[in-house]
Amino acid sequence: MSRQPLRLGLIYGSSRRGRFCDTIGQWAHSRIAHTRQFDIDIVDPQQIDLAALLHQEDCPARQALRRRLADADCFVLVTPEYNHGYTAAAKLIIDAAGREWAEKPIAFVSYGGISGGLRAIEQLRLVFAELHAIALRDSVSLANAWRAIDAEGRLMPGPETCQAMEVMIGQLQRWAGTLRQIRQVDAARASTQTR
Numbered sequence: 001m002s003r004q005p006l007r008l009g010l011i012y013g014s015s016r017r018g019r020f021c022d023t024i025g026q027w028a029h030s031r032i033a034h035t036r037q038f039d040i041d042i043v044d045p046q047q048i049d050l051a052a053l054l055h056q057e058d059c060p061a062r063q064a065l066r067r068r069l070a071d072a073d074c075f076v077l078v079t080p081e082y083n084h085g086y087t088a089a090a091k092l093i094i095d096a097a098g099r100e101w102a103e104k105p106i107a108f109v110s111y112g113g114i115s116g117g118l119r120a121i122e123q124l125r126l127v128f129a130e131l132h133a134i135a136l137r138d139s140v141s142l143a144n145a146w147r148a149i150d151a152e153g154r155l156m157p158g159p160e161t162c163q164a165m166e167v168m169i170g171q172l173q174r175w176a177g178t179l180r181q182i183r184q185v186d187a188a189r190a191s192t193q194t195r
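So this is what it looks like as structure tokens:
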């Protein structure tokens with residue numbers, strides 16, 4: 001296996017002001033970074049021109065986003081659940097690219113009310129299957145996560161949630177390393193065929 005760190009795109013699935021996504025995303029980032037197995041790129045819709053993605057097919061915002069997604073070996077999407085589904089911001093980011101998602105694993109950290117965002121994850125699995133991405137079975141779901149905030153505003157979930165995160169990260173690392181090797185072999189084969 002390659003010794004080069006795996007490149008992980010940590011995608012924030014909300015663009016709302018005052019979003020709770022920052023709290024969940026920071027927790028996910030700290031847990032992922034603690035493994036020292038990934039170079040993490042935070043893909044934040046608040047830092048992307050979403051209107052350009054919506055209205056312009058080939059704009060600088062789309063080109064920049066596609067480059068970042070292409071550079072990633074794997075993804076974690078932090079998603080709230082809005083009205084039993086995932087967000088418009090996540091949909092815009094997903095649809096801005098195509099082949100950049102292919103043959104790469106994606107894992108989900110969801111949050112919401114009593115369902116913990118599970119309905120959003122189930123919908124996202126269908127979308128990513130169409131893009132030939134590998135949606136991992138293992139995910140992290142935070143029901144009523146705002147109840148697990150400490151005095152400093154940090155997420156402090158219970159041991160079951162932390163264990164679920166460890167399992168998910170382990171699976172993500174395994175799949176990302178394996179699929180990167182496959183993509184490298186395919187790229188080498190394609191370059192020899194074009195000579």
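Per the UniProt record's numbering, the sequence shown starts with residue 1, numbered consecutively. Heads up, the beta-carbon is just placed ideally off N, CA and C, and yes, glycines get one too.
- Message: Suppose only complete runs of 3+ residues qualify. What are the beta strand (DSSP E) ranges in the stretch 106 to 143, listed by chain order?
- Response: 140 to 143
- Query: Is V167 near D138, with beta carbons less than 8 Å apart?
  - Reply: Contact: yes.
- Task: State the DSSP-derived secondary structure class of D150, mapped to helix, strand or coil.
- Result: coil
- Message: Taking the beta strand (DSSP E) that P60 belongs to, which residues open and close that run?
- Response: Run containing P60: none in the beta strand (DSSP E); it sits in the alpha helix (DSSP H), 60 to 71.
- Item | Euclidean distance between Cα positions of R154 and I24 | 8 Å
- Message: Please report the distance separating the alpha-carbon of Q123 from that of Y86.
- Response: 7 Å
- Report yes if the C-beta distance between L10 and I42 is below 8 Å; otherwise report no. yes
- Query: Which two residues bound the contiguous beta strand (DSSP E) that contains L8?
  - Reply: First-last of the beta strand (DSSP E) with L8: 6 to 12.
- Message: Using only the alpha-carbon positions, how far apart do R180 and Q37 sit?
- Response: 14 Å
- CA nearest to the CA of E160, picked from G170, E152, L142: L142
- Got a sec, what are the start and stop residues for the beta strand (DSSP E) I48 sits in? Note, I48: premise wrong, no beta strand (DSSP E); not H, not E.
- Query: Do you know whose CA, among L53, L126, N83, G98, lies nearest G69's CA?
  - Reply: Before going further, note that residue 69 is Leu rather than Gly in the sequence given. Residue G98 is the option with its Cα nearest to L69.
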